[in-house]
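FYI, the numbering for the sequence shown is -21 to -1, 1 to 204, going by mature numbering (1 follows the signal peptide of the UniProt record, and there is no 0). Note that the Cβ used here is the ideal one computed from N, Cα and C, for glycine as well. Beneath this line is the structure, given in structure tokens, with notes to follow.
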Amino acid sequence: MVPGAAGWYFFALWLPTCVAAHGLRIHDYLYFQVLSPGDIRYIFTATPAKDFGGIFHTRYEQIHLVPAEPPEACGELSNGFFIQDQIALVERGGCSFLSKTRVVQEHGGRAVIISDNAVDNDSFYVEMIQDSTQRTVDIPALFLLGRDGYMIRRSLEQHGLPWAIISIPVNVTSIPTFELLQPPWTFWDSKDISCYRKREEPSLQGFWLESGPKEAKGRQPESCL
């Protein structure tokens, strides 16, 4: 534990994700809450890989989100020790999404969040697909908007912290809409929150999301490796 980590104030919110027997699909949105640092204590939207990776079988109320070093995570990680049993934040580019996910898995990570390398991207979600190698991976892989990834990293750098503390996945159906925390640099219409239907799921009791962030509505994801 890094000095100063003890005593941090954490709270967790539960936000909806559709978890089916075959796993999360690209048209579903998965959400996580940054608990620390406090200046980015927002709810972030991510999308799961289309045809590779696992699903979240449990909710992590407090887990480290560790920026990988080097950021593209195409090989050995210099901070791999800190990623073990945690979630890695990596950047798009340099190698396939699958390769990045395998690197994080080999370092013992429980999941990977891959942010776009276009830091001005605050609305377009990329569809992460399998590469041509026929390799497999077991941990969940999520895509994050470039602006969101940049703001998380910038906050950690400003505070001199090696990781953020997050809760994943989280659910807003049990709290008033006005209590939602969304990044101020993105727009999320409150009517989107009304588009959830509860469904049975043995481990997470997830929720089906019929619509996501307003900017993403009506857009077809870009298929990329």
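With the rule of 3 Cβ pairs closer than 8 Å, the segment 30 to 39 does not count as touching the segment 126 to 134.
Proximity of the segment 52 to 66 to the segment 134 to 148 meets the contact definition, three or more beta-carbon pairs being nearer than 8 Å. Nearest neighbour of residue 71 by Cα position, chosen from 90, 88 and 107, turns out to be 107. Pairing residue 96 with residue 126 gives a Cβ-Cβ distance that is not under 8 Å.
Residue 83 and residue 98 have their alpha carbons spaced roughly 22 Å apart. Judged by DSSP in its simplified three-state form, residue 131 adopts helix. Residues 44, 45, 46, 47, 92, 94, 128 and 131 of the same chain have their beta carbon placed closer than 7 Å to that of residue 68, with the five preceding and five following residues left out of the count. Taken in chain order, the whole alpha helix (DSSP H) runs of length 4 or more contained in the segment 71 to 139 are 76 to 85 and 125 to 138. Rounded to whole angstroms, residue 11 and residue 146 show a C-alpha spacing of 6 Å. Residue 62 has no beta-bridge partner at all, per DSSP.
When the five nearest sequence neighbours on each side are left out, the beta carbons in the same chain lying within less than 6 Å of the beta carbon of residue 52 are those of 69, 79 and 82, in order along the chain. Residue burial annotation: residue 26 is buried, with at least 16 other C-beta atoms found within 10 angstroms of its C-beta. In the structure shown, residue 145 adopts extended strand secondary structure according to DSSP, grouped into three states. Look at residue 42 here: in three-state DSSP terms it is strand. Under the DSSP definition of a beta bridge, residue 19 lacks any partner.
Per DSSP, the beta-bridge partners of residue 68 are 46 and 92.
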